[in-house]
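For the sequence shown, this note's numbering gives the first residue as 1005, with consecutive numbering after it. What follows is a set of notes on a single structure, which appears directly below.
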Amino acid sequence: MHIIVCVHRGIVTNMKVIKNGFRAAVNWGLDWCRKEDFDPHSHECSIWHNGEEVFNLSRYYEDLLEAKIVSNKQGYHVAAPAGYKLFGTKDVYEDESKARQDLDKLRSSIGILLTR
């Protein structure tokens, strides 16, 4: 299992967990893009950009574990503990069950990456 994290000007803009090998991050117009097979037993769980850590897989997983499904006028979204939309999830879900399904899938995928 692999993860592709894309960073644009120091901000994580996209993330995909994929099961079968690498798939290139195609044409997102990013200044900088890194695809990484994270090994939790090494120091490769972080992505750095211009000397700053912009992504840390362990902290992301902690956010996943504490994430909540919240609703507003547009619908439902998955919120990190600080209240922002959690990376790897859609902006808006029409129903709560779909949001919960995506959150559970992410928790499972990232958990597998960190424990293998």
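Beta carbons are placed, not taken as given, at the ideal position from N, Cα and C, and that holds for glycine.
Restricting to Cα atoms, I'd like to know which of Phe1091, His1081, Ile1073 and Glu1100 is closest to arginine 1063. Phe1091
Reduced DSSP category for tyrosine 1064 - H, G, I as helix; E, B as strand; rest coil: helix
For alanine 1083, write down the residues that DSSP places opposite it in a beta bridge. Lys1072 and Lys1089
Using CA atoms only, rank isn't needed, just tell me which of Asn1076, Gln1105 and Lys1072 is closest to alanine 1084. Lys1072
For the putative contact between tyrosine 1080 and glutamate 1066, defined by C-beta atoms under 8 Å, what is the C-beta separation to the nearest angstrom? Rounded, the Cβ-Cβ distance is 22 Å, inconsistent with contact.
Buried or exposed: which applies to alanine 1103, given that a residue is buried once 16 or more other Cβ atoms fall within 10 Å of its Cβ? buried
Isoleucine 1114 versus glutamate 1070 - alpha carbon distance: 14 Å
So which of Leu1068, Lys1109, Asp1095 and Leu1107 has the shortest CA-CA distance to alanine 1086? Leu1068
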